[in-house]
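The block underneath contains the structure these notes are about, expressed in structure tokens.
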Amino acid sequence: MANDEKIMARADSQAGAAGSAGTASKPHRLAVASESERVGVVKTYKLYVGGKFPRTESGRFYKVDDRKGEPLANICRASRKDFREAVVAARAAFSGWQNTSAFLRGQILYRIAEMLEGRKEQFVAELYSTGASRAAAKTEVEEAIDRLVYFAGWCDKYQQVFSSVNPVSSSHFNFSLMEPTGVVTIIAPEKSPLLGLVANLAPAIAGGNTVVVLASESMPTAAVSFAEVLHSSDVPGGVVNLLTGQSEELLEHFASHMDVNALVYCGTDKGQIKQLQTLACDNIKRVILRRQDRWDDDDSRNPYLIADTQEIKTTWHPIGR
Amino acid sequence: MSSNDQENSLNFNTDWSYSPAPESTDHVTIKDRYDLFIGGEFVAPASDKYFTSMNPATEEPLAELAEAGAEDVDRAVKAARKAYKQNWSGLAPASRGKYIYRIARILQERAREFAVVESMDGGKPIRESRDIDVPLAAAHFFYYAGWADKVDYAFPGRKTGPVGVAGQIIPWNFPLLMAAWKIAPALACGNTVVLKPAETTPLTAMLLAEVIAEAELPPGVVNIVTGAGKTGAAIVDHPDIDKIAFTGSTEVGRIIQKALAGTDTRYTLELGGKAANIIFEDAALDQAVEGIVNGIFFNQGHVCCAGSRLLVQESVADDVLGRLKDRMETLIVGDPLDKNTDIGAINSSMQLETINKYLEIGQQEGATMHQSSCALPDKGHWCRPTVFTGVAQSHRIVQEEIFGPVLAVQTFRTVDEAVAKANNTPYGLSGGVWTDKGAKIFKVSNQMRAGVVWANTFNKFDPGSPFGGYKESGVGREGGLHGLKPYLQLA
């Protein structure tokens, strides 16, 4: 029985991918395979590092249950080494992504939204299978799509809002502009596994950073599928790297790695926050805390979220007399 | 051309010399003893302990200063909290601005006194304290005074409000200027402050306390506590401080960041640097040499954004080094109060030890050391302008901040090599680029991972110009519109 349930939950997501919104709300015909019908193909959930989908080098996994508490999938339990590989990939991609024109970054973020829109039903089913109600799952996916469009639009505008020409007293032309902080690690929210991820990922990459994300530990399937969306959206390999695994094991590395410039932590665990902030100081890492449990209001829809992972560079040049 | 080339070398062995031109000190009164400035009054420390601030050029004591302990810091924080609640945060923003304008004006009126005391206490040449430190400090107050009733316009779509009580810890290299950088934006945004000047240079901060009293700021809006590291730690550890602003070494910045882990205290850190000054073959070389000299020998090299690494294109390296060594021979090291002095006294015996340690390290690592041949005064702490050649990227004198008049010289062939070398330290505070090609300036400045880039100039500062570092050079910006943000809550 347990096995049937598992196939059903997974088949749910395939139904979404294949068909219309209506079918996703009912158990699909593929759910119970009879002799006359084909056997469903069950997806393997892997990591996303440097534009590729490797399994964890450690060969470890953990089980994720569906909404009924039945086993849903085996998820990669990423190791410290996987994380380090991801940082190497993010660093290698940084210079290219930083210097990608703002217009093109905007188009690529918009493309992510397009790709997600096209696979909406799959994501609704996936969120449903890990516990969201149908209505909540639909809202979350739609918000995530709209959030990507929102930040796509900011790519070539935040610079104008935040930069300045400075009227210095001496005979110099002086201006300040925003540049991405660099490699940013993101501990995605445990709840709201898709919108929470997008709400924190989008402002970081809109601003030209490259990122390593730790997906929701208990509900990672939508995040892994989102990596497939990124992969088909002209996002250069290495710009977004996504790991799944146990946060207790991986958190310290996200905070302590010496080639990571900033850390975004979504959560409220005081012990974890203190641990991360303590480890971050070895290379004066910027630590950004996002403690909200909602990701659908103005707090997570504004350009100051882009500014969180930006540096300000001021340039001086003499003016001839 | 090299300085060894006798025929082309400049001859400094002439009968012409500079007569002493000391700035008069007769209009300056330094008290024997300064107490803590808490709640608008000068009060003795709970411990009744005092320490002495020395003149680094004469090694003579200047004044005794109160050593604030945890109890005194607590008193200062309470005064700041009270002033925040009862007065300052609720005051009409335009009125706050007027108080800050008063500070700027009184500083301008007392500019000469401040410049002399700054040079006596810290050892910097009077030319710099007179023309740079003091006018810039006054300008900083003037600039932020005007922001007080306009901050909402700086943050589109947001209402702004103050953060609360700010604890501010400043270094000894620009004592008054750093106090202005810290206090002015904090007050403009409606915060109150507890400021700790460095233990080797507390005097101008105490004079500033007098100015603040003279400007009739409400008691407790600005509190100034003197002391060393322990006093600073008491500020950082105080539970009723909402924001810490620190300027100093990366080492101490790291300790502060760690101490604040798990608290809700916000912080900005302005830390160390190891700036590369990149000279391309197409630069105006004489101007570039002036930029190198200003970059590393300004303020004895006690500058976090000092151009302490010279990257010079191989094709012009000999030429540039020859001109640089000639120029170094003309630099006058000596009495900070003499208006002809280029390089004053090293701030303290401790700092001189650090610099001398690096001079040894540099030679042990295999680099070649060159120093100017200038005479040094008998008493006081001094260091001749120094250049190391033959250094490698991994050398400690290339990677670590020395904070003295010591330049490490490397060469490069291509733009990419220059950028790679420039970025190859843990720091990212500032950088310089010298070329007559505009496109090259934009390419290089774009690729430098540093918060301030000086193109065909160096070590320029202005209240309206945001300043702060990438990477391990710090978090946050001071100066300009962007310098308001650390002192505001956005809603």
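Taken in order, these protein sequences are the chains called S and B. Take 1 as the starting number for the first sequence in my numbering and just add one per residue. Take 322 as the starting number for the second sequence in my numbering and just add one per residue. The beta-carbon is built from N, C-alpha and C at its ideal position, and this holds for glycine as well.
Apart from sequence neighbours up to five positions away, the residues of its chain that approach Ile427/B with a beta-carbon distance below 8 Å are Val532, Glu535 and Ala536, ordered along the chain. An exposed status is given to Trp337/B, since fewer than 16 other beta-carbon atoms sit within 10 Å of its beta-carbon. With a cutoff of 8 Å on beta-carbon distance, Gly444/B and Ala666/B are scored as near each other. Interface with chain B (8 Å Cβ-Cβ cutoff): Arg291/S is excluded.
Among the residues facing chain B, Ile273/S is included, as its CB has a counterpart in that chain under 8 Å away. Listed along chain S, the residues sitting closer than 7 Å to His803/B by beta-carbon distance are Ser176 and Ile312. Nearest C-alpha to Leu386/B among Ala771/B, Asn677/B, Ala378/B and Ser374/B: Ser374/B.
Gly593/B and Ser570/B do touch by the CB rule: their CB atoms are close to 5 Å apart, below 8 Å.
A direct Cα-Cα distance of roughly 28 Å separates Gly553/B from Arg423/B. Judged by DSSP in its simplified three-state form, Ala487/B adopts strand. Shown here, Glu681/B sits in a helix according to DSSP, grouped into three states. Taking C-beta separations shorter than 8 Å and ignoring five residues to either side along the sequence, the partners of Val394/B in its chain run Val515, Val546, Thr552, Ala555, Ile556 and His559, following chain order. For secondary structure counted as the alpha helix (DSSP H) over 4 or more consecutive residues, the segment 156 to 224 of chain S holds these complete runs in sequence order: 158 to 162 and 195 to 206. Ranked by Cα distance from Pro377/B, the first of Gly800/B, Gly797/B, Thr732/B and Pro698/B is Pro698/B.
For Gln578/B, the nearest beta carbon of chain S is closer than 8 Å to its own beta carbon. As summarised for the segment 25 to 77 of chain S, the continuous beta strand (DSSP E) elements at least 3 residues long and confined to that stretch are 61 to 65 and 71 to 76, given in chain order.
Apart from sequence neighbours up to five positions away, the residues of its chain that approach Arg396/B with a beta-carbon distance below 7 Å are Ile359, ordered along the chain. For Asn241/S, the uninterrupted beta strand (DSSP E) run begins and ends at Val240 to Leu243, by DSSP.
DSSP places Lys761/B in the helix class (H, G or I) of the three-state scheme. Annotation for Lys370/B: Glu388 place their beta carbon closer than 7 Å to its own, counting only its chain and skipping 5 residues before and after. No Cβ of chain B is located within less than 8 Å of the beta carbon of Lys191/S. By the Cβ neighbour-count rule, Met499/B is buried, with 16 or more other Cβ atoms within 10 Å of its own.
Across the set Glu449/B, Gly643/B, Cys704/B and Val754/B, the C-alpha of Cys704/B shows the shortest separation from the C-alpha of Gln672/B. Using a C-beta cut-off of 8 Å, the segment 608 to 618 of chain B makes contact with the segment 630 to 650 of chain B, since at least three inter-stretch Cβ pairs fall below that distance.
Residue pairing of Phe733/B in beta bridges, as defined by DSSP: Gln634/B. The segment 255 to 272 of chain S makes contact with the segment 168 to 187 of chain S; the number of CB pairs closer than 8 Å reaches 3 or more.
The shortest C-alpha to C-alpha distance from Trp502/B to any of Val398/B, Ala812/B and Leu802/B is the one to Leu802/B. The beta carbons of Ala152/S and Leu195/S sit no closer together than 8 Å. The distance from the Cβ of Tyr791/B to that of Gly749/B is about 3 Å, consistent with a contact at the 8 Å cut-off. Taken atom to atom, the span from the alpha-carbon of Ala215/S to that of Lys46/S is near 12 Å. CA-to-CA, the gap between Arg354/B and Met441/B works out to about 16 Å. Relative to the Cα of Ile599/B, the nearest Cα in the group Gly628/B, Val542/B, Pro807/B and Ile490/B belongs to Gly628/B. Put simply, the CB of Ala688/B is far from chain S, with every gap to its CB atoms at 8 Å or more. Within chain B, no C-beta atom comes less than 9 Å from the C-beta of Asn241/S; the nearest is roughly 21 Å away. In the three-state scheme derived from DSSP, where H, G and I count as helix and E and B as strand, Tyr588/B is classed as strand. Here Thr315/S is bridged, per DSSP, to Phe175/S and Val774/B.
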